[in-house]
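Colleague:
Number of protein chains: 2
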Amino acid sequence: MATQKTKVTIFDVAKASGVSSSAVSYALNGKPGVSDTTRAKVLQVARELGWKPNGAAQSLAQSKTRRIGLILGYDPQLLAVEPYMMSLISGLGAELEEKDYSLLVRMSMDSDDEDSIIEDWVATSNVDAMLLLNLEIGDPRIDMMKQNPQMPVLAVADASLTAGLPTLASDDAAAVGLAVRHLYDLGHRNIARVAGPEELGHSYIRDAAFSEVTAELGVRYRCLHTDYTPAAGADATKRLLSVNPAPTAIIYDNDVMALAAEGVAAVNGVRVPQDLSIMSWDDSFMCEAAHPGITALNRDIVESGRIAASLMLKLIDGEEVDVVEEPPYVLRVRDSTGPAPER
Amino acid sequence: MATQKTKVTIFDVAKASGVSSSAVSYALNGKPGVSDTTRAKVLQVARELGWKPNGAAQSLAQSKTRRIGLILGYDPQLLAVEPYMMSLISGLGAELEEKDYSLLVRMSMDSDDEDSIIEDWVATSNVDAMLLLNLEIGDPRIDMMKQNPQMPVLAVADASLTAGLPTLASDDAAAVGLAVRHLYDLGHRNIARVAGPEELGHSYIRDAAFSEVTAELGVRYRCLHTDYTPAAGADATKRLLSVNPAPTAIIYDNDVMALAAEGVAAVNGVRVPQDLSIMSWDDSFMCEAAHPGITALNRDIVESGRIAASLMLKLIDGEEVDVVEEPPYVLRVRDSTGPAPER
DNA sequence: CAATGGTTCTGAAGCGATTCAGTGACGACT
DNA sequence: AGTCGTCACTGAATCGCTTCAGAACCATTG
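Pasting the structure below:
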């Protein structure tokens with residue numbers, strides 16, 4: 001509690017408690033080797049002096065940093081507007097906080113950058129484990145990590161992308177089923193999708209699932225790829241509405257695009273949901289606040305973050321982790337989807 | 001490049017290059033004390049062995065972590081939906097990355113938590129500097145930091161809240177002027193505001209500025225406080241619209257609430273902007289995607305993050321930093337504001 | 001009573017870098 | 001030829017902690 005002008009070390013605490021530095025270490029870390037009375041005394045003195053073990057020294061001595069690495073792909077626009085990353089961070093942070101770990105965050109401008117950050121972390125041991133996000137198909141980072149088995153890593157992605165790495169897996173295919181099924185049950189037989197960039201692994205997974213499910217149900221399906229921005233979403237919507245026959249329902253890969261689509265519809269006198277049903281893949285406050293409220297696939301991203309954190313802690317402890325499923329998607333039906341218009 | 005099974009240290013590099021460990025250190029850090037030829041040789045060997053200095057050892061030896069601390073207040077909902085924090089992180093991350101620093105992130109569940117994280121960072125030297133966000137009036141953290149001058153800190157807040165600490169200051173009062181002026185010029189004489197939680201320092205600053213500016217202009221003004229959620233925003237809107245005379249313009253402290261307000265208006269047959277003008281304090285894709293597009297106060301948060309990072313690096317270098325102004329707010333006029341309705 | 005065993009505690013050797021003081025070697029200058 | 005200075009390099013101390021091996025002490029036990 002008392003604030004100290006000069007740096008206080010374990011030896012100061014040792015001297016003040018009349019024991020050796022090793023005793024202090026044992027006392028503080030709850031290890032055997034000191035009596036209860038000296039332990040209490042030491043803790044007391046440590047508190048008075050406001051002493052905590054120096055992080056660097058501790059890391060060096062036990063080769064543990066109590067840090068977990070997260071690399072953010074640099075696109076401020078996207079990061080800011082997509083609730084995904086921030087939710088994940090919330091979950092990670094909350095869980096790690098309980099275990100006294102922290103999150104080390106770095107930003108990569110491109111994929112080379114990201115590779116070099118990974119190399120850096122492996123070489124410098126600046127983190128105890130790391131998270132792999134936004135995997136692409138045949139992602140080279142997977143091999144990098146396999147060649148450095150001393151650095152635990154958890155991939156958050158569809159299990160088909162992670163080649164046996166410990167994985168927190170989302171079941172995007174099941175979600176596709178939910179979404180399509182919902183629209184199918186409402187009578188839609190011609191649906192479209194406005195997706196994100198084609199290179200992203202999850203775009204690909206979803207593409208495949210959509211094609212498969214719609215084919216099975218005999219539903220007409222087409223897909224446009226965009227850069228996730230509302231402008232692109234609006235543009236794609238206009239194009240979709242101008243073909244003949246126009247889709248009666250459109251699913252957007254994120255919520256801003258769905259919101260923009262509602263605007264396009266309003267401007268063009270297309271009523272939602274009477275003339276056009278709109279769905280969003282991601283759910284957020286935005287979908288709730290929009291008018292009409294946007295039907296969305298919802299998942300507990302914060303919880304995913306917590307699970308991811310706990311899995312990494314397991315990996316750090318040397319436990320095996322294979323593939324763990326994320327909390328499943330849930331369909332939140334709001335007012336933007338309705339029965340398909342009579343033809 | 002070559003991947004190494006076992007941990008490689010500076011001594012391995014020294015042996016392989018036929019020099020001492022000190023020579024390796026000098027060579028790597030670009031310091032004098034080695035010839036150009038041995039320097040080249042050492043760097044070459046280091047690259048071949050894939051060696052980089054161990055982070056903990058380096059930190060311990062030079063008492064520098066190359067890390068900057070950021071504490072996130074835990075409210076996943078808010079964090080996720082407000083683009084502010086993620087944008088700030090983007091800016092911080094981008095700037096820090098260039099200087100080879102990283103961001104150490106922890107999450108606080110409440111303010112006691114946050115205090116103990118700060119104490120921890122001060123005592124363990126786990127970061128070289130830290131950021132102070134969401135200051136409240138008379139925030140105790142300011143005193144904590146003043147008592148520990150060895151830990152550089154930068155506050156991001158209105159300068160009136162930071163009691164002389166190095167500050168990246170936003171001029172919320174000027175922004176209030178912009179906003180009110182815009183509405184005033186459109187003929188509005190009865191405006192309302194839906195704000196965030198009253199405890200937040202910036203809420204208070206804005207409250208005061210609004211009262212002052214509207215009084216000056218002879219504009220009727222009232223303010224409701226909420227928890228920032230769209231539901232609360234919608235609710236506040238309904239209440240405001242039911243009073244007599246109802247305001248002809250409402251300013252919302254964030255964009256989800258403004259979006260929700262558009263929904264409320266639509267449901268109640270209130271036309272935007274003919275019957276009611278709506279503005280948002282924060283700008284994001286959401287305001288652009290909404291229909292009608294929401295007039296908003298826009299500021300370059302990413303740039304603020306970059307500036308904050310560079311200021312902290314200055315502080316770490318021992319330079320003085322007083323109060324630096326953030327990039328100013330800019331009014332982005334869209335379709336949600338228009339001339340005040342004739343009475 | 002010697003032997004054994006169990007606590008409690010200490011000294012010193014790590015961890016892997018940086019950095020200071022010191023040693024040769026060599027060239028330049030008087 | 002002798003001295004000085006510079007340059008390249010090395011050995012050892014240092015950062016602050018953990019942890020192992022062993023010392024000191026006391027209590028049991030056969």
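If you're matching them up, the sequences are chains A and B in order.
Residue numbers are given in full-length UniProt numbering: position 283 of the first sequence equals residue 283, and the series is strictly consecutive.
Residue numbers are given in full-length UniProt numbering: position 316 of the second sequence equals residue 316, and the series is strictly consecutive.
Backbone N, C-alpha and C define an ideal beta-carbon position, used for all residues, glycine too.
Quick one, are the C-beta atoms of A/Pro-230 and A/Ala-260 less than 8 Å apart?
Modeller: A/Pro-230 places its beta carbon less than 8 Å from that of A/Ala-260.
Colleague: Excluding sequence positions up to five away, which residues of its chain have a Cβ less than 7 Å from the Cβ of B/Ser-310?
Modeller: Result list for B/Ser-310: Glu-95, in chain order.
Colleague: Quick one: residues in its chain with C-beta nearer than 6 Å to the C-beta of A/Val-8, no 5 flanking neighbours on either side, listed in chain order?
Modeller: Leu-49, Trp-51
Colleague: Between which two residues does the alpha helix (DSSP H) containing A/His-182 stretch?
Modeller: 172 to 185
Colleague: Give me whichever residues DSSP pairs with B/His-225 in a beta bridge.
Modeller: Answer is B/Ala-195.
Colleague: Against chain A, does B/Asp-120 count as a neighbour if the rule is that its beta carbon must be under 8 Å from one of theirs?
Modeller: yes
Colleague: Closest to residue 348 of chain B by C-alpha separation, out of B/Lys-41, B/Gly-33, B/Ala-46, B/Thr-237, would be which residue?
Modeller: Nothing can be reported for residue 348 of chain B, as the shown portion of chain B is limited to 1 through 343.
Colleague: Looking only at C-alpha atoms, which of A/Gln-147, A/Leu-43, A/Leu-72, A/Val-153 sits nearest to A/Asp-113?
Modeller: A/Leu-72
Colleague: Taking C-beta pairs closer than 8 Å, name the residues in chain B that A/Trp-51 reaches, listed in chain order.
Modeller: Result: Ala-123.
Colleague: Could you spell out the range, first to last residue, of the beta strand (DSSP E) harbouring A/Leu-70?
Modeller: 67 to 73
Colleague: Using 10 angstroms around the beta-carbon of B/Met-151, count the other beta-carbons present and answer buried if the total reaches 16, otherwise exposed.
Modeller: buried
Colleague: Going by beta carbon distance, what residues of the same chain come within less than 7 Å of A/Gln-4, once the five residues before and after it are set aside?
Modeller: Interpretation of A/Gln-4 is limited by its pLDDT of 46, a score under 50 that renders its predicted location unreliable; the figure taken from the coordinates is listed afterwards. Non-local beta-carbon contacts of A/Gln-4 in its own chain, meaning distances under 7 Å to residues more than five positions away in sequence, involve Leu-49, Gly-50 in chain order.
Colleague: Could you give the distance in angstroms between the alpha-carbon of A/Met-312 and the alpha-carbon of B/Ser-108?
Modeller: 20 Å
Colleague: Put B/Gln-4 into one of helix, strand or coil per three-state DSSP.
Modeller: Confidence is the limiting factor: at B/Gln-4 the pLDDT is only 46, short of 50, which leaves the residue's position unreliable, though a coordinate-based value still follows. Of the three classes helix, strand and coil, the one that applies to B/Gln-4 here is coil, per DSSP.
Colleague: Let me confirm a value: B/Ile-10 is counted as buried when at least 16 other C-beta atoms fall within 10 Å, else exposed. Which label applies?
Modeller: buried
Colleague: Among A/Ser-20, A/Leu-241, A/Thr-337, A/Gly-269, which one has its Cα closest to the Cα of A/His-182?
Modeller: With distances taken between Cα atoms, A/His-182 lies closest to A/Thr-337.
Colleague: Between B/Asp-75 and B/Glu-98, what straight-line distance do the alpha-carbon atoms span, to the nearest angstrom?
Modeller: 30 Å
Colleague: Against chain B, with Cβ distances strictly below 8 Å, would A/Ala-2 count as a contact?
Modeller: Only weak support exists for where A/Ala-2 lies, its pLDDT of 47 falling under 50; the coordinates are left without a value.
Colleague: Give me the chain A residues within the contact set of B/Ser-25, using Cβ-Cβ distance strictly less than 9 Å, ordered along the chain.
Modeller: The contacting residues do not exist; B/Ser-25 stays about 15 Å from chain A at best.
Colleague: Look at the alpha carbon of B/Ser-203 and the alpha carbon of A/Gly-93, and state the distance between them as a whole number of angstroms.
Modeller: Straight-line spacing of the CA atoms in B/Ser-203 and A/Gly-93 works out to 26 Å.
Colleague: Check whether the segment 157 to 164 of chain A touches the segment 274 to 284 of chain A, counting contact only when three or more Cβ pairs, one atom from each stretch, lie closer than 8 Å.
Modeller: no
Colleague: Check each candidate in A/Val-176, A/Asn-29, A/Asn-190 and name the one with the smallest Cα separation from A/Glu-212.
Modeller: The residue among A/Val-176, A/Asn-29, A/Asn-190 with its C-alpha nearest the C-alpha of A/Glu-212 is A/Val-176.
Colleague: Out of A/Val-19, A/Met-286, A/Gly-318, A/Asp-120, which one is the CA nearest neighbour of A/Lys-41?
Modeller: A/Val-19
Colleague: Strictly under 8 Å for the Cβ-Cβ distance: is B/Gly-55 near chain A by that measure?
Modeller: yes
Colleague: Under the DSSP definition of a beta bridge, which residues are partnered with B/Val-167?
Modeller: In the sequence as presented, Val is not what sits at residue 167 of chain B; that position holds Thr. Answer by DSSP bridge pairing, in chain order: B/Ala-155, B/Val-323.
Colleague: Give me the subset of the segment 93 to 120 of chain B whose CB atoms are less than 7 Å from a CB atom of chain A, sorted by chain position.
Modeller: Gly-93, Ala-94, Glu-97, Ser-102, Leu-103, Leu-104, Val-105, Arg-106, Met-107, Asp-120
Colleague: Would you give the residue range spanned by the alpha helix (DSSP H) that A/Ala-232 belongs to?
Modeller: Its alpha helix (DSSP H) spans residues 230 to 242.
Colleague: Which runs of the alpha helix (DSSP H) at least 4 residues long sit entirely within the segment 72 to 157 of chain A? Give them in chain order.
Modeller: 76 to 81, 83 to 98, 111 to 124, 140 to 147
Colleague: Check this for me: beta carbons of B/Pro-292 and B/Arg-334, under 8 Å apart or not?
Modeller: Cβ atoms of B/Pro-292 and B/Arg-334: closer than 8 Å.
Colleague: Could you spell out the range, first to last residue, of the alpha helix (DSSP H) harbouring B/Arg-306?
Modeller: 301 to 316
Colleague: In chain order, what residues of the segment 266 to 286 of chain A put their CB closer than 8 Å to some CB of chain B?
Modeller: Within the segment 266 to 286 of chain A, the qualifying residues are Ala-266, Val-267, Ser-284, Phe-285, Met-286.
Colleague: To be precise: take each residue of the segment 129 to 159 of chain B, compare its Cβ to all Cβ atoms of chain A, and keep it if any distance is under 7 Å. Which residues remain?
Modeller: Gln-147, Asn-148
Colleague: Should B/Val-323 go down as buried or exposed, given a rule of 16 or more other Cβ atoms within 10 Å for buried?
Modeller: exposed
Colleague: Are three or more beta carbon pairs between the segment 243 to 251 of chain B and the segment 188 to 202 of chain B nearer than 8 Å?
Modeller: yes
Colleague: Of the choices A/Asp-275, A/Cys-287, A/Val-270, whose alpha-carbon is the least far from that of A/Tyr-252?
Modeller: Closest by alpha carbon: A/Cys-287.
Colleague: Is it the case that the segment 25 to 45 of chain B contacts the segment 297 to 304 of chain A, given that we only count it when at least three CB pairs across the two stretches are under 8 Å?
Modeller: no
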